[in-house]
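Student: Just dropping this structure here.
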Amino acid sequence: MNIIEATKKALVENKAITNPESSEMGLAFVPTNSETFGILVVPTEPGLEKQNGIYKEKWSAPGKYWNPKGTDILRNDWRLL
-7 MNIIEATKKA LVENKAITNP ESSEMGLAFV PTNSETFGIL VVPTEPGLEK
43 QNGIYKEKWS APGKYWNPKG TDILRNDWRL L
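Each residue of the sequence shown is one higher than the one before, starting from -7 at the first, in my numbering.
Right, here's the structure in full:
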């Protein structure tokens, strides 16, 4: 579906949206109606962090204000998570 359809559904169902490319990078987007947050960028999987020579899973904090490119807006492969 296009980003408008996906965003409308995500707001109603309180879900995130993603597309195959973003999903492969472990990213999802949470549309909000908040001026403070805009669209949150959230990790879908933990990353790895080296502590004392041992790799441990670490979840990144959500980022805010995703700035989509024209190609992101024109995609038709958005889906809800």
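For each residue, glycine too, the CB sits at the ideal point set by N, CA and C.
The structure presented is a predicted model; accordingly, all values stated were derived computationally and were not measured.
Check THR(-1) in the structure and name its three-state DSSP category.
Tutor: Here residue -1 corresponds to residue number 7 of the sequence shown, with the count starting at 1. DSSP places THR(-1) in helix when its eight states are reduced to three.
Student: Between which two residues does the alpha helix (DSSP H) holding LEU66 run?
Tutor: Taking the sequence shown and counting its residues from 1, the one referred to as residue 66 is at position 74. LEU66 -> alpha helix (DSSP H) spans 62 to 66.
Student: Express the C-alpha separation of ARG71 and PRO12 in angstroms, rounding to a whole number.
Tutor: Taking the first residue of the sequence shown as position 1, residue 12 is located at position 20. Taking the first residue of the sequence shown as position 1, residue 71 is located at position 79. Their backbone Cα atoms lie some 9 Å apart in a straight line.
Student: Can you find the residues in the same chain that come closer than 6 Å, C-beta to C-beta, to ARG67, ignoring five residues on each side of it along the sequence?
Tutor: As a first step, residue 67 is located in the sequence shown; it is residue number 75 there, counting from the start. So the qualifying residues of the chain are ASN11.
Student: Give me the residue from SER14, LYS7, ASN25 and GLY45 with the minimum Cα distance to ASP64.
Tutor: To locate residue 64, count along the sequence shown from 1; it is residue 72. The shortest Cα separation from ASP64 among SER14, LYS7, ASN25 and GLY45 belongs to SER14.
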